[in-house]
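**Q** Pasting a structure here, questions to come.
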Amino acid sequence: MKKLKSYFETPKKALVSTLILLAALACLGTATVLTVNAIAQSGAIGQEKAQYLACADAGVDPASAQMFQCDFEFDHGQFVYEIEFAADGAEYEYWVKASDGTIVKKEVDHLAAGTTQAPAQTTTLTPTAEITLEDAKAVALSDAGLTADQVVFTEEKLDMDDGVSRYELDFHTDTAKYEYEINAADGVIYSKSKETYAATQP
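Here the numbering used here is used: the sequence shown runs in plain steps of one and ends on residue 207.
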């Protein structure tokens, strides 16, 4: 007992002894974790079967899948294989229970165009209108205080911006140029501008 106390009789000895004890405990804990991990792996289904089960669940041929990783981990109180792979324009991440092959969790990300995998499908939106072009022109002319015989239209088109269908109208008189965007669904003026021409000398 006296010999044990001698290791802590001065602050310096106490500090050194404490550090030695902590290092010993850390080594013991690491060894315990490694032992538990080894025992768990010995009773697990194995990486190859875990990868096969993940691919089967995803409907992917294992031969065509590009495997990124397959790690044996302890997650949420159980040992699992964390598997990442890519195939058919998508990336998959699976967590497979190591003891029996149960799919614990899965995530699927479809890759965008420009990646190494097949590009994702895109959908082209076609602009639609509830009001006619003539209705839109009438709204613009009324707002400008003009009639059809006073102006010349230089642009009349139905377009889509931010998912909203709009009529884009450009017209002019002898003294000004007008630009309008009319909501094609309800005829509301989305934007407008007027540019007045400078007076010319005779």
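Just so you know, even glycine gets a beta-carbon here, dropped at the ideal spot from N, CA and C.
Using a Cβ distance threshold of 8 Å, determine whether the stretch 157-167 contacts the stretch 97-112, with at least three qualifying pairs required.
**A** Judged by Cβ distances under 8 Å, the stretch 157-167 makes no contact with the stretch 97-112, as fewer than three pairs qualify.
**Q** Which same chain residues, not among the five before or five after C75, have their C-beta less than 7 Å away from its C-beta?
**A** Locating residue 75 in the sequence shown gives position 70, where the first residue counts as 1. Answer for C75: Q52, A55, Q56, Y86 and I88, listed in chain order.
**Q** Tell me, which residues are paired with S170 by DSSP?
**A** If you number the sequence shown from 1, residue 170 lands on position 165. In the DSSP output, where bridge partners are listed per residue, S170 has M165.
**Q** So T159 and D140 are supposed to be a Cβ contact under 8 Å. How far apart are they, rounded?
**A** In the sequence shown, residue 159 corresponds to position 154, counting from 1. In the sequence shown, residue 140 corresponds to position 135, counting from 1. The pair is not a contact, with the Cβ atoms about 19 Å apart (cut-off 8 Å).
**Q** In angstroms with no decimal places, state the Cα-to-Cα distance between G192 and A181.
**A** Here residue 192 refers to the residue found at position 187 of the sequence shown. Here residue 181 refers to the residue found at position 176 of the sequence shown. So the two alpha carbons sit approximately 23 Å from each other.
**Q** For E53, name the three-state secondary structure that DSSP assigns.
**A** Sequence index remark: in the sequence shown, residue 53 carries index 48 (1-based). Correct three-state label for E53: helix.
**Q** On the DSSP bridge assignment, give the partners of I194 in chain order.
**A** Residue numbering aside, residue 194 sits at position 189 when the sequence shown is read from its first letter. Answer is I187.
**Q** Quick check on the DSSP output: the beta strand (DSSP E) that includes V109 runs from which residue to which?
**A** Translated into the one-based positions of the sequence shown, residue 109 becomes position 104. Residues I108 to H115.
**Q** So is F90 buried or exposed if we call it buried at 16+ other beta carbons inside 10 Å?
**A** Residue 90 sits at position 85 when you count from the first residue of the sequence shown. Buried, since its Cβ has 16 or more Cβ neighbours within 10 Å.
**Q** By alpha-carbon positions, which one of A49, F79 and G64 ends up nearest to D93?
**A** If you number the sequence shown from 1, residue 93 lands on position 88. With distances taken between Cα atoms, D93 lies closest to G64.
**Q** If you drop the 5 nearest sequence neighbours on each side, which residues of the same chain put their C-beta closer than 7 Å to that of T121?
**A** For the purposes of this step, residue 121 is taken as residue 116 along the sequence shown, with counting starting at 1. Model confidence at T121 stands at a pLDDT of 49, short of 50, so the residue's coordinates are unreliable and nothing is read from them.
**Q** Quick one: is Y172 buried, meaning 16 or more other Cβ sit within 10 Å of its Cβ, or exposed?
**A** Residue numbering aside, residue 172 sits at position 167 when the sequence shown is read from its first letter. Y172 should be labelled buried.
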